[in-house]
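The structure under discussion appears below in the form of structure tokens.
Residue numbers (the working numbering), protein chains in the order written: chain L, 1 to 287; chain F, 1001 to 1287.
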């Protein structure tokens, strides 16, 4: 099948019709979008590679597509944004037949449309191994996007759910992006991040960006089957971690895990009185 | 070197400071952009893979970076847009040391900034082979972006330069995106595309989208060293092909190559009286 025939099929699978902000989708040199007035645009890109982020023995085609979309949507959630459009650059290997590719798009499209997101374009090519780069565009009211760098000493640290789930499940599950919760945090949270690489590393990043340290309570919301190591360093949970000024009531669904502190060694995290190493998922330190 | 250390370096190499539409660049879950009022947003993604679109024996690191940027910028040119922001998802293989990666970013950043484009974000990971997905965001006055589907029978077909250059050079050169010319075509051209996959295939795409056929004059602007086959089917020239209504004077730099016609077999191209096969660069038909 030729490239143009694939693209015709993908257009049908994703049902990417024009309308409501999408002037022209798949099929031209660029997609044409009409941004809503008074809002900032959010852009995230996430590369998923066979053998690095995707193991065929762990995920079905449908799950792989859903996960590719969910990772990008989670970044929009972490900014308190509304997700709008998704673009997929896909390299199809020889082992992926039409049925596999169709199931991948089915998982991707289902995850996207459940969150009101339309597939607006992308790129398609061949490769030895599967590569999927997902770009998600979202928006937020002007100046209201949540950042990593706004936490202050004294702010309380929260997470949106039990940790260690992905690691305990052997990374076989598809995360659910916390878009609704992210929107509720707009105007309340001082900082926010999604836990893609593990609590220790991602909280360290918030502390470094904000110029703070963190003191964890020593008790974490953890799924029953996870070890403490998996909860702290496992990654891929895609829960939100955020900070709120002391005294601000958190929206439902958040659990307190500690507090931001001052201190000289910016980025240092203490857990149960001991210094926590800022390690987690890092493709440059694997295998 | 850890992921975060790489990202710190990349931030320095690309000098992606905030300002003029860029509220927050590299370093958060998303980039935050402030789109200009009254303009449509253009989005294009281009995946470049080692062994498919990139051969290390043909291009230096700097050239590879420049070419990755140029391919995306060329898509914005084809829409008559102004290019604004570039995002790069990069998978770094073991053979690419710090020096190679730095030279790649140097080529990418130089090409981008020469066209007023800022590096606003991306993703970074490890892989066995190099993969680079370039996303370019641009804009155009509302409703003025050039499309593929507006050509009508009787329109004159033009190209922006001599064809076959890339193929004759063994695909060793870095194309120059025709952004200035693209902008001049706004409000004048009825359709436009960039010649990434070769004249025959890309013109066929314009004809299919517009519901026309094409009659080429039989004489093409060709670089002296290229064969006719390379000019027709070679690809990667990244010149613009556009159509203007008969009687509309083309901007400087365009050469007439034929005329759009009616006819039943939409997409059919005739060259020197014979039917031209719509073939060219297609990753699904290579090797």
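A virtual CB, placed ideally from N, CA and C, is assigned to each residue, including glycine.
Below 7 Å CB to CB, which residues in the same chain sit around residue 1287(F) once its five sequence neighbours on both sides are set aside? Your numbering for residue 1287(F) matches position 287 in the second chain. Low confidence applies to residue 1287(F): its pLDDT is 43, below 50, so where it sits in the model is not reliable, and the reading given next is rough at best. Here the set comprises nothing.
Please identify the residue among 1277(F), 1210(F), 1154(F), 1068(F) whose C-alpha is closest to the C-alpha of residue 1238(F). In the second chain, the residue the question calls residue 1238(F) occupies position 238. Closest option to residue 1238(F), Cα to Cα, is 1068(F).
Please look up how many angstroms separate the CB atoms of residue 1172(F) and residue 1058(F), rounded, as I've assumed it's under 8 Å. The count along the second chain starts at 1 and reaches residue 1172(F) at position 172. The count along the second chain starts at 1 and reaches residue 1058(F) at position 58. Residue 1172(F) to residue 1058(F), Cβ: 5 Å. Contact.
Under a three-way DSSP split, which group does residue 1250(F) fall into? Taking the second chain and counting its residues from 1, the one referred to as residue 1250(F) is at position 250. Coil.
Determine which residues of the segment 1024–1038 of chain F have a Cβ less than 8 Å from any Cβ of chain L, and write them out in chain order. 1024, 1027, 1028, 1029, 1030, 1031, 1032, 1033, 1034, 1035, 1037
Within chain F, the residues that residue 6(L) reaches when beta carbons sit closer than 8 Å: As a first step, residue 6(L) is located in the first chain; it is residue number 6 there, counting from the start. Going along chain F in sequence order, the residues near residue 6(L) (Cβ under 8 Å) are 1284.
Identify the contact partners of residue 76(L) in chain F, using a Cβ-Cβ distance below 7 Å as the criterion. Against the first chain, residue 76(L) aligns to sequence position 76. By Cβ distance, chain F contributes 1030.
Please look up how many angstroms separate the CB atoms of residue 125(L) and residue 162(L), rounded, as I've assumed it's under 8 Å. As a first step, residue 125(L) is located in the first chain; it is residue number 125 there, counting from the start. As a first step, residue 162(L) is located in the first chain; it is residue number 162 there, counting from the start. Between residue 162(L) and residue 125(L) the Cβ distance is about 39 Å, and since that is not below 8 Å, they are no contact.
Express the C-alpha separation of residue 14(L) and residue 1100(F) in angstroms, rounding to a whole number. Along the second chain, read from residue 1 onward, the residue named residue 1100(F) stands at position 100. Along the first chain, read from residue 1 onward, the residue named residue 14(L) stands at position 14. When rounded, the distance between both Cα atoms is 38 Å.
Which residues in the same chain have their Cβ closer than 8 Å to the Cβ of residue 143(L), if we skip the five residues on either side of it in sequence? What you label residue 143(L) is simply residue 143 of the first chain in a count that begins at 1. Closer than 8 Å at the Cβ level, and outside the excluded window around residue 143(L), lie 40.
Assign residue 1224(F) to buried or exposed, taking buried as 16 or more other Cβ atoms, counted over all protein chains shown, within 10 Å of its Cβ. Looking up residue 1224(F) in the second chain gives position 224. That one is exposed.
So residue 1031(F) and residue 1081(F) are supposed to be a Cβ contact under 8 Å. How far apart are they, rounded? For this step, residue 1031(F) is matched to residue 31 along the second chain. For this step, residue 1081(F) is matched to residue 81 along the second chain. At roughly 19 Å, the Cβ-Cβ gap does not stay under 8 Å, so residue 1031(F) and residue 1081(F) are not in contact.
Residues in its own chain within less than 8 Å of residue 297(L) by CB, not counting five upstream and five downstream? The structure shown does not extend to residue 297(L), since chain L is modelled only from 1 through 287, so no value can be given for it.
Kindly indicate if chain F contains any beta-carbon less than 8 Å away from that of residue 203(L). Translated into positions along the first chain, residue 203(L) becomes position 203. With 8 Å as the cut-off, residue 203(L) does not count as an interface residue toward chain F.
Using the beta-carbon of each residue, which ones in chain L are nearer than 8 Å to residue 1002(F)? Here residue 1002(F) is taken as the residue at index 2 of the second chain, counted from 1. What residue 1002(F) touches in chain L: 282, 284, 285.
In terms of alpha-carbon separation, which member of 64(L), 96(L), 103(L), 112(L) lies closest to residue 87(L)? If you number the first chain from 1, residue 87(L) lands on position 87. Of the candidates 64(L), 96(L), 103(L), 112(L), the one whose C-alpha sits nearest the C-alpha of residue 87(L) is 112(L).
Secondary structure of residue 30(L), DSSP reduced to three states: Working through the first chain from its first residue, we reach residue 30(L) at position 30. Reduced to three states, the DSSP call for residue 30(L) is coil.
Where does the unbroken beta strand (DSSP E) through residue 206(L) begin, and where does it stop? To locate residue 206(L), count along the first chain from 1; it is residue 206. Careful: residue 206(L) lies outside any beta strand (DSSP E), inside the alpha helix (DSSP H) at 199–210.
Comparing alpha-carbon positions, which option in 66(L), 97(L), 104(L), 210(L) lies nearest residue 1(L)? Here the question's residue 1(L) lines up with position 1 in the first chain. Minimum Cα distance to residue 1(L) is reached at 97(L).
Taking contact to mean at least 3 C-beta pairs separated by less than 8 Å, is the segment 1167–1187 of chain F in contact with the segment 1202–1210 of chain F? no
On the three-state DSSP scale, how would you describe residue 1287(F)? Residue numbering aside, residue 1287(F) sits at position 287 when the second chain is read from its first letter. Caution applies to residue 1287(F), whose pLDDT of 43 falls short of 50 and renders its modelled position unreliable; the value that the coordinates give is listed next. Residue 1287(F): coil per DSSP, three-state reduction.
Is it buried or exposed for residue 194(L), if we count other Cβ within 10 angstroms and need 16 for buried? One-based indexing of the first chain puts residue 194(L) at position 194. So residue 194(L) counts as buried.
Taking C-alpha atoms, which residue in 1184(F), 1034(F), 1061(F) lies nearest to residue 1253(F)? Within the second chain, numbered from 1, the residue matching residue 1253(F) stands at position 253. Among 1184(F), 1034(F), 1061(F), the Cα nearest to that of residue 1253(F) belongs to 1184(F).
What does residue 120(L) reach in chain F if we use C-beta pairs closer than 9 Å? Position 120 of the first chain holds residue 120(L). Per Cβ cutoff of 9 Å: 1043.
By a C-beta neighbour count over all protein chains shown, 10 Å radius and 16 as the cutoff for buried, is residue 1236(F) buried or exposed? Your numbering for residue 1236(F) matches position 236 in the second chain. With 16 or more Cβ atoms within 10 Å of its Cβ, residue 1236(F) is classed as buried.
Please check the pair residue 215(L) and residue 259(L), which I expect to be a contact at CB under 8 Å, by giving their CB distance rounded to whole angstroms. Within the first chain, the letter at position 215 stands for residue 215(L). Within the first chain, the letter at position 259 stands for residue 259(L). Going by Cβ atoms, the distance from residue 215(L) to residue 259(L) rounds to 6 Å, so yes, they are a contact pair.
Could you check how far apart the C-beta atoms of residue 108(L) and residue 1091(F) are, in whole angstroms? I think they sit under 8 Å. Within the first chain, the letter at position 108 stands for residue 108(L). Within the second chain, the letter at position 91 stands for residue 1091(F). Not quite, the Cβ-Cβ distance comes to about 20 Å (not below 8 Å), so this is no contact.
Determine the chain L residues that contact residue 1079(F) at a beta-carbon separation under 8 Å, and present them in chain order. On the second chain, position 79 is the one that residue 1079(F) refers to. Per Cβ cutoff of 8 Å: 28, 29, 30, 32.
Please report whether the beta-carbon of residue 105(L) lies at a distance below 8 Å from any beta-carbon of chain F. For the purposes of this step, residue 105(L) is taken as residue 105 along the first chain, with counting starting at 1. It does not: the Cβ of residue 105(L) has no partner Cβ on chain F nearer than 8 Å.
Going along chain F in order, which residues have a C-beta closer than 9 Å to the C-beta of residue 47(L)? As a position in the first chain, residue 47(L) is number 47, starting the count at 1. Near residue 47(L) (Cβ distances below 9 Å), the residues of chain F are 1089, 1090, 1091, 1122, 1123, 1124, 1125, 1127, 1131, 1133.
Determine the chain F residues that contact residue 193(L) at a beta-carbon separation under 9 Å, and present them in chain order. For the purposes of this step, residue 193(L) is taken as residue 193 along the first chain, with counting starting at 1. Near residue 193(L) (Cβ distances below 9 Å), the residues of chain F are 1028, 1029.
Is residue 160(L) closer than 8 Å to residue 130(L) when the C-beta atoms are compared? Within the first chain, numbered from 1, the residue matching residue 130(L) stands at position 130. Within the first chain, numbered from 1, the residue matching residue 160(L) stands at position 160. Contact: no.
Bridge partners of residue 48(L), per DSSP? Numbered from 1 along the first chain, position 48 holds the residue referred to as residue 48(L). Partner(s): 132(L).
Along the chain, where does the beta strand (DSSP E) containing residue 91(L) start, and where does it finish? In the first chain, the residue the question calls residue 91(L) occupies position 91. Taken as a continuous stretch (DSSP letters only), the beta strand (DSSP E) holding residue 91(L) covers 82–92.
Same chain, Cβ closer than 6 Å to residue 1072(F), neighbours up to 5 away in sequence not counted: Locating residue 1072(F) in the second chain gives position 72, where the first residue counts as 1. Excluding positions up to five away in sequence, the list reads 1044, 1046, 1134, 1136.
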